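Here it is, written out as structure tokens:
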């Protein structure tokens, strides 16, 4: 029955099996081959065997095709915070979520590293990445509020935890032969606690 | 003698007394009056009594006219870090610099708050602001390295300190009748130490 629906939608040109995934794959290939500036959304759609219109049904601009994963990261962090033991301190609860997100990125391995290299090489993409990390701070902070954490410590734990995550991610990207991302994250969190120790 | 130089450069149209400051003032006025989107660089130049060419001699794009102050903040932070007692822990050294920058912003008072409101209302400007804060992390981290701090704690102290600074700044913006920015910063740093206390 669902095959029929898929078939009808397919003939209507309104639904493409995993169009989103194919567009992301095509974009990464083209950004690596030609560079971000020399790739258009039409090129991406063509490489994916789709129309540019389909591209814009999935992504609002050329940058966003690289940032779909951020939504998954956000969701894993929120779930982890909610699942943390009730008596966990704010930063410990966030660490549960960040570890789940780190495990997901670690599994992507070279794909995550290739994406990071594309972003690092382009100013517009770096700005969008910073905006996404700022969004993750807001999301994590809201999830901590849900646990009954007060506004100020929720925001500060979110800022500190996401900063540790970014530092850990950069360290992991730079060292493909090194430890898995969740282990790097735990090491960075321990270092952060040392650096920010009460005076 | 210098009056003659000023006179000659003035007639050559290549030098305008405090053109930079006039352009910044004009931009802030227009952004508040009409909004950022409905203001052009030509409008800003006209309001300042200057040509658009002069605008682009001072700023590379429409956004950057709002971010000149960031360079002063960066410089104050670097100076403060260098001037901190030799035995100060990394985050304490950075706090000296951030306090100096906070005092400068506090003196600007309503001007700094008006600028923050313009930036908060516009996505492109928020992204540029995040990029500037990311630049401040890099600058502060480098200044800590200069003091002989190792790379990892230098970066983590810079991330944590700049996060505290941003939280303090937002809190100060939201409460014009509240304490001065350096005092808010010290309060936030103390809260951060509590939240990131060693487990």
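Chains as they are written, first to last, in the working numbering: chain A, 167 to 365; chain B, 167 to 365.
For every residue, glycine included, the Cβ atom is placed at its ideal position computed from N, Cα and C.
Remember, it's a predicted structure, so these values are computed and weren't measured experimentally.
- At least one C-beta of chain A is nearer than 8 Å to the C-beta of residue 300(B).
- In this structure, residue 214(A) lies away from residue 246(A), with their beta-carbon atoms at least 8 Å apart.
- At least one CB of chain B lies nearer than 8 Å to the CB of residue 321(A).
- In the DSSP assignment, residue 228(A) falls outside any alpha helix (DSSP H) and carries neither an H nor an E.
- Using a Cβ-Cβ cut-off of 7 Å, residue 257(B) is close to 361 and 362 of chain A, given in chain order.
- Around residue 211(B), the same chain offers 217, 218 and 221 as residues with beta carbons nearer than 6 Å, after the five sequence neighbours per side are excluded.
- Counting the other CB atoms within 10 Å of its CB gives residue 237(A) a total below 16, which places it among the exposed residues.
- Among the residues of the stretch 230 to 262 of chain A, those with a Cβ less than 7 Å away from any Cβ of chain B are 256, 257 and 258, in the order of the chain.
- The beta carbon of residue 339(B) sits no closer than 8 Å to any beta carbon of chain A.
- Taking 8 Å as the threshold, the shortest C-beta distance from residue 357(A) to chain B falls below it.
- For residue 309(A) against residue 244(A), the beta-carbon gap comes to about 5 Å, under 8 Å, which counts as contact.
- Using a Cβ-Cβ distance cut-off of 8 Å, the stretch 271 to 281 of chain B and the stretch 334 to 348 of chain B are in contact, since at least three pairs of beta carbons, one from each stretch, lie closer than that value.
- Closer than 8 Å to the CB of residue 350(A) there is not a single CB belonging to chain B.
- A direct Cα-to-Cα measurement between residue 254(B) and residue 356(B) gives close to 16 Å.
- Excluding five sequence positions before and after residue 306(A), the CB atoms of its chain that fall closer than 6 Å to its own CB belong to 243, 260 and 324, given in chain order.
- Counting only runs that start and end inside the stretch 263 to 322 of chain A, the alpha helix (DSSP H) elements of at least 4 residues fall at 276 to 286 and 289 to 312.
- Rounded to whole angstroms, the gap between the alpha carbons of residue 312(A) and residue 300(A) is 19 Å.
- For the beta strand (DSSP E) assignment, the stretch 178 to 251 of chain B encloses no uninterrupted run of at least 3 residues.
- What residue 296(B) touches in chain A, judged by beta-carbon distance under 9 Å, is 293, 296, 297, 299 and 300, going in chain order.
- In summary, the residues of the stretch 309 to 336 of chain B whose CB is separated from some CB of chain A by less than 7 Å are 318, 319, 321, 322, 323, 325, 326, 329 and 333, in the order they occur in the chain.
- Ranked by how close their Cα comes to the Cα of residue 229(B), the residues 298(B), 250(B) and 348(B) have 298(B) in first place.
- In chain order, 185, 186 and 189 place their CB closer than 7 Å to the CB of residue 224(B), counting only its own chain and leaving out the 5 sequence neighbours on each side.
- DSSP, read as helix, strand or coil, puts residue 253(B) in coil.
- Taking the C-beta atoms as reference points, residue 291(A) is found nearer than 8 Å to residue 284(A).
- Around residue 196(A), the same chain offers 205, 209, 210 and 213 as residues with beta carbons nearer than 8 Å, after the five sequence neighbours per side are excluded.
- Rounded to whole angstroms, the gap between the alpha carbons of residue 251(B) and residue 349(B) is 20 Å.
- Linking residue 326(B) to residue 227(B) through their CA atoms gives a straight-line distance of about 30 Å.
- The residue from 248(B), 287(B) and 231(B) with its alpha-carbon nearest to that of residue 314(B) is 248(B).
- Close CB contacts of residue 202(B) within its chain, under the 7 Å cut and outside five residues either way in sequence, are with 284, 288 and 291 (chain order).
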